[in-house]
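What follows is one structure encoded as structure tokens, with my remarks underneath.
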Amino acid sequence: MAESKNFIHQIIDEELAEGGRCYGQKVHTRFPPEPNGYLHIGHAKALEIDFGTAEVYGGLCNLRMDDTNPTKEDEEYVEAIKEDIHWLGHDWDDRFFYASDYFEQMYGYAVELIKKGLAYVCELTPEQMKDMRGDTQTPAQSPYRDRPIEESLDLFARMRAGEFEDGKMTLRAKIDLASGNFNMRDPVIYRINHLPHHRTGTKWVIYPMYDFAHPIEDAIEGITHSLCSLEFESHRPLYNWVVENISIETKPRQIEFARLGITHTVLSKRKLRAMIEAGIVSGWDDPRMPTLCGLRRRGYTPASIHNFSARNGVAKVNSVVDFAFLEYCLREDLNEHAKRAMAVIRPVKLVIDNYPDGQTEEFDIENNPQDESAGTRKVSFSRELYIEQEDFMEVPAPKYFRLFPGNEVRLKSAYIVKCESCEKDADGNVTVIHCTYDKDSRGGNPADGRKIKSTIHWVDASNAVDAEVRLYDRLFTTEQPDLADCNYLDFINPNSLTVITGAKLEKSLENTQPQDRFQFLRTGYFCADTKDSKPGHLVFNMAVSLKDSYKPEN
Ligand code: ATP
Ligand code: MG
Numbered sequence: 004m005a006e007s008k009n010f011i012h013q014i015i016d017e018e019l020a021e022g023g024r025c026y027g028q029k030v031h032t033r034f035p036p037e038p039n040g041y042l043h044i045g046h047a048k049a050l051e052i053d054f055g056t057a058e059v060y061g062g063l064c065n066l067r068m069d070d071t072n073p074t075k076e077d078e079e080y081v082e083a084i085k086e087d088i089h090w091l092g093h094d095w096d097d098r099f100f101y102a103s104d105y106f107e108q109m110y111g112y113a114v115e116l117i118k119k120g121l122a123y124v125c126e127l128t129p130e131q132m133k134d135m136r137g138d139t140q141t142p143a144q145s146p147y148r149d150r151p152i153e154e155s156l157d158l159f160a161r162m163r164a165g166e167f168e169d170g171k172m173t174l175r176a177k178i179d180l181a182s183g184n185f186n187m188r189d190p191v192i193y194r195i196n197h198l199p200h201h202r203t204g205t206k207w208v209i210y211p212m213y214d215f216a217h218p219i220e221d222a223i224e225g226i227t228h229s230l231c232s233l234e235f236e237s238h239r240p241l242y243n244w245v246v247e248n249i250s251i252e253t254k255p256r257q258i259e260f261a262r263l264g265i266t267h268t269v270l271s272k273r274k275l276r277a278m279i280e281a282g283i284v285s286g287w288d289d290p291r292m293p294t295l296c297g298l299r300r301r302g303y304t305p306a307s308i309h310n311f312s313a314r315n316g317v318a319k320v321n322s323v324v325d326f327a328f329l330e331y332c333l334r335e336d337l338n339e340h341a342k343r344a345m346a347v348i349r350p351v352k353l354v355i356d357n358y359p360d361g362q363t364e365e366f367d368i369e370n371n372p373q374d375e376s377a378g379t380r381k382v383s384f385s386r387e388l389y390i391e392q393e394d395f396m397e398v399p400a401p402k403y404f405r406l407f408p409g410n411e412v413r414l415k416s417a418y419i420v421k422c423e424s425c426e427k428d429a430d431g432n433v434t435v436i437h438c439t440y441d442k443d444s445r446g447g448n449p450a451d452g453r454k455i456k457s458t459i460h461w462v463d464a465s466n467a468v469d470a471e472v473r474l475y476d477r478l479f480t481t482e483q484p485d486l487a488d489c490n491y492l493d494f495i496n497p498n499s500l501t502v503i504t505g506a507k508l509e510k511s512l513e514n515t516q517p518q519d520r521f522q523f524l525r526t527g528y529f530c531a532d533t534k535d536s537k538p539g540h541l542v543f544n545m546a547v548s549l550k551d552s553y554k555p556e557n
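Listed below in structure tokens is the structure:
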């Protein structure tokens, strides 16, 4: 089936055609993260579009750190960003750049604009400028707008030399105060900031604004298509103004696409950072975070994220996608690829009274019913097993078909057992369930063909492996915690993490390595934690439950 082209690819097709703007050229895009936080699932969409478009057209995509802001950028983030992009399967070869490497060139272009009478040093305070640009009244001209070019050149050089304190002066583009587009009303293109920069240190005390820097970065790198999210749409005239008015050959084109939003979470680095600082989550890679490293630790696969991004399409209207759809994409991938295993999350002992004490046997159980090539494994069985507490009810609820006194169930791939009685502790908690087994039902099928309504999973108590299991629920209690008129921190779900110690796993999981993923039968997909799990002390994160409606209970 031919996939219909998204609107960006339609534009590119036209531009590559004979007579088009890019006829005969290679498509060249870039992904320009600001290294002030970790990448999140929204960035995965931008990556899909930036790297994906280059791939579709046999072109190139640069990775560029958009580090024009000295205040909050950090090398830690740079490394993390690279790791996350590689994990998703994208690569930039040797085309890795820092916007800060272009500071000298940007300065030169600013000087060029001043010389052309297209920029001036302005001494209005931020408040005065805000008023005069027309935030609250009709736009008015800065008294510095018509200062002589020589004076601006001199002041700009002295701004660079560090003669003035922060906020004292700015360099503004001279465009159109009457423009209906606020961005075109003589925007600031350079500001003074004496904070040290993560790469250039104290060399610079003036920094270019995004709207001036970004088109220059794109043009220097020979970017043909600068793909960015929708909030930059009204900045496009300024982007074009910059590339048209400086002497640079490449004239890149900005095209905007809709941002991805997702329910029950927030996708702003600032807000995510605040949650870490408040101790609500353990870090950027907390498995509840919508960051790529959080999702990876949780058990998400590159394929699931790729499918999620691709299926959401490329639109021109922002949308909020249900988190359940991301989970669906993961379930779909792991259903095909994850090995099955038996794990009892909240165990209770089951004793088969008529099974000889000391006897053991093994069953061959398929590793993945979706994939015969995954083979089988041996799972041991003996007189004492663990089953889930919820698979037994002393007094069954209506339509409860699992274990209760007098009822039979199938132990997955093993035998049919019949519940005889249970033991309880002083508080009335069930401690042991007594059963008898049907010797003639080996493999799980009764010889007389009688109908058994339920199959439950189990773990051999004689060699079970202990594990800690971390169950997760939504991080927020409401679908859209970051709607403008509310404080997202008011909607934190206090029960988003449930830690269970003493889960019992089948022995084959003994040597599980961090990041190994399994389907725990009847429960969900789990991933061995990268930070805390090791053989001898296994820790599993629930990546996603099998059921959509799964809610971990406390
Ligand atoms: P945040 O608001 O989360 O801090 P940002 O836009 O400031 O995000 P950048 O590091 O500047 O983050 O983003 C790099 C690229 O990723 C930009 O091109 C941006 O448009 C894109 N991007 C960021 N968030 C999303 C999103 N939710 N959906 C689609 N693209 C996004
Ligand atoms: Mg940003």
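Per the numbering used here, the sequence shown starts with residue 4, numbered consecutively. All residues carry an ideal CB built from backbone N, CA and C; glycine is no exception.
Counted within 10 angstroms of its Cβ, other Cβ atoms place residue i as buried (16 or more) or exposed
i	result
residue 493	exposed
residue 55	buried
residue 4	For residue 4, the predicted model reports a pLDDT of 45, less than 50, meaning its position is unreliable; a value from the coordinates is still stated below. Exposed.
residue 322	exposed
residue 273	exposed
residue 214	buried
residue 507	buried
residue 26	exposed
residue 333	buried
residue 312	buried
residue 157	exposed
residue 271	exposed
residue 557	For residue 557, the pLDDT reaches just 39, beneath the cut-off of 50, and the residue's location in the model is therefore unreliable, although a value from the coordinates is still provided. Residue 557 should be labelled exposed.
residue 302	buried
residue 133	exposed
residue 91	buried
residue 401	exposed
residue 238	buried
Candidates the options, of which the one nearest residue i by Cα
i	options	result
residue 85	526, 200, 38, 361	38
residue 505	457, 367, 392, 209	392
residue 172	160, 179, 452, 365	160
residue 117	142, 133, 145, 150	150
residue 360	374, 414, 464, 341	464
residue 421	401, 433, 456, 432	456
residue 69	146, 416, 218	218
residue 524	20, 142, 338	338
residue 193	539, 398, 107	107
residue 563	449, 427, 424	Because the chain spans 4 through 557 in this model, residue 563 falls outside it and cannot be assessed.
residue 257	501, 174, 458, 32	32
residue 567	469, 314, 71	Since the first and last residues shown for the chain are 4 and 557, residue 567 lies out of range.
residue 542	346, 58, 52, 277	346
residue 443	211, 460, 292, 413	413
residue 145	182, 119, 189, 112	189
residue 395	434, 96, 446, 232	434
residue 293	275, 452, 283	275
residue 560	147, 200, 209, 88	Not covered by the structure: residue 560. The range shown for the chain is 4 to 557.
residue 212	179, 220, 280	220
residue 409	402, 398, 415	398
residue 120	141, 155, 390, 135	155
residue 196	202, 181, 182, 170	170
residue 386	356, 327, 199, 472	356
Strand pairing of residue i, partner residues [DSSP]
i	result
residue 323	264
residue 424	437
residue 383	365
residue 571	Nothing in the structure corresponds to residue 571, since the chain is present only between 4 and 557.
residue 7	According to DSSP, residue 7 bridges with nothing at all.
residue 540	537
residue 124	174
Check your understanding: For ligand 1, which residues have a Cβ under 5 Å from at least one heavy atom, in chain order?
Key -> 36, 37, 45, 46, 48, 49, 231, 232, 262, 263, 270, 271, 272
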